[in-house]
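In UniProt numbering, the protein residues as written are 1 to 368.
Note that CB positions come from ideal geometry on N, CA and C, so glycine has one too.
Here is the structure we will look at, set down as structure tokens.
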């Protein structure tokens, strides 16, 4: 696994976009509709955008202060070896948790929609094996794959959205904010934690050939994510209505299955399936790479192949045997996981940035 590789700001922007949208698209319409009802598209866009922007700004500031270090490394510089290493281990566990849940979302989705008779462990193994191979090849390969995949990814989503417009009714999005602001705030918690994946920039910063571009490229990715998710939620609610959307476990998929354009174009959910699978493989490969990077930097492991192999077995085992059924995983995603994520995505980086400012350490950061 090459740690001296370099990627462009545009490639990082694509990676961030795919990382956030590949999993948020399927689940968030139901999460937000349950709380915000007809205003779900607002809950999935305004507050999450602000959260994502703040996360991006904080990790960019930290990255500029420590341009040659990842967050695993500068935690020790800021907080000292003992506490800093503890925070580094915390971020590794955070990434492993995300990795396990993404793998489980993948297997549950395919098990419900297209491969109900396939044992879950084989679905998990196929995804983790592909992702592990991508991580072994390095960040450059993952970044280039994201460039290739993005076109297919966007095509599948565009086809699904355009096909759904034939059944779209604006009235299903009304009235806006009928129950006030509080339901929108509650409904925005889960999507905000997805937007907070902009924090992955804190681990990618040293690998970017022109780090000064990252703020602009990151904002472009964030705006694209916001538009993507807003259309996703608005069209899903506009076709199904908030009651049905909140009742379905996979509302966007359920909407796509009903798309028919004349007698020629039917079962357009296959396009959705293609873009979702390609996106999820890219995200899983990125997470595998970052976990291995964290383990090598925090613990000093040299054999990345062994680290990746052990991690892969661990992820498959936890995702298949330890996590509960699909309903229990859904509860974890909505009621517990968002708060854990938000702590690592924003609160800890804010604390680190405050410590840098208070201690006035000589940082040798990038010049403006």
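Original post:
Mind pulling the beta strand (DSSP E) runs of 3 or more residues that sit fully within the segment 160-214?
Top reply: Fully enclosed beta strand (DSSP E) runs of no fewer than 3 residues are not present anywhere in the segment 160-214.
Apart from the five residues just before and just after residue 19, which ones in its own chain have a Cβ nearer than 7 Å to its Cβ? 197, 200, 283, 286
| query | From the DSSP output, which residues share a beta bridge with residue 7? | reply | 208
Are residue 156 and residue 259 touching if we call contact CB-CB under 8 Å? no
Residue 202 versus residue 312 - alpha carbon distance: Distance between the alpha carbons of residue 202 and residue 312: 23 Å.
| request: Return the first residue and the last residue of the alpha helix (DSSP H) that residue 99 is part of. | output: That run of the alpha helix (DSSP H) goes 81-113.
List the whole-angstrom C-beta distance separating residue 352 from residue 47, where the pair is believed to meet the contact cut-off of C-beta under 8 Å.
In fact, because the Cβ distance is near 23 Å, the residues do not count as touching under 8 Å.
From 253, 279, 219, 210, pick the residue whose C-alpha is nearest to that of residue 8; which is it? 210
Worksheet entry | Where the alpha helix (DSSP H) containing residue 63 begins and where it ends | 46-65
Check residue 248 in the structure and name its three-state DSSP category. coil
Quiz prompt | C-beta atoms of residue 307 and residue 290 nearer than 8 Å | solution = no
* Asked: Within 7 Å: the Cβ of residue 93 and any heavy atom of the ligand PLP?
  -> Inclusion of the ligand PLP in the displayed structure is not the case, the ligand content being empty and no account of it being possible.
- What did DSSP end up calling residue 218 once you bin it into helix, strand or coil? helix
task: Check whether the Cβ atoms of residue 21 and residue 233 lie closer than 8 Å to each other.
output: no
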